[in-house]
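Remarks on the structure that follows.
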Amino acid sequence: MKKGDEIIITCGERIVPGEIVMISDNQVSAIISFEALLEGHAGLMPIVRHDKERCAYRSIIDGTEVTLRVKS
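Per this note's numbering, the very first residue in the sequence shown carries number 627; after that it's consecutive.
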């Protein structure tokens, strides 16, 4: 993944489109944007990776888990 990539975000039962706003070179941390309210996050979420195999991240604010995949 890289800055500007369009992504699909899964948060619990919700699946929404989004975008990578910023991402570290090693892809461990990122900021994602979306037009939705996900577990109290309104449109933006700073995240850190916790499961590389599933491409799963957690919010650095409250631990909300999201999984990401690049839109094809």
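Beta carbons are placed, not taken as given, at the ideal position from N, Cα and C, and that holds for glycine.
Given the structure is predicted, the values throughout are model-derived calculations rather than measurements.
What are the start and end residues of the beta strand (DSSP E) that includes residue i?
{"i": "C637", "result": "E632 to C637"}
Whole angstroms is fine: what's the gap from residue i's alpha carbon to residue j's?
{"i": "I673", "j": "I641", "result": "17 Å"}
{"i": "D688", "j": "K697", "result": "26 Å"}
{"i": "I633", "j": "R695", "result": "5 Å"}
{"i": "I658", "j": "S685", "result": "10 Å"}
{"i": "C681", "j": "S655", "result": "12 Å"}
{"i": "T636", "j": "T690", "result": "11 Å"}
{"i": "P643", "j": "Y683", "result": "16 Å"}
{"i": "E665", "j": "T693", "result": "14 Å"}
Use the C-beta contact count for residue i: other C-beta atoms within 10 angstroms, 16 or more gives buried, fewer gives exposed.
{"i": "M671", "result": "buried"}
{"i": "S650", "result": "exposed"}
{"i": "H667", "result": "buried"}
{"i": "I646", "result": "buried"}
{"i": "L663", "result": "exposed"}
At which residue ranges does the stretch 633-690 contain complete beta strand (DSSP E) runs of 3 or more residues, listed in the order of the chain? Within the stretch 633-690, the complete beta strand (DSSP E) runs of at least 3 residues are 640-649, 655-664, 667-677 and 682-685.
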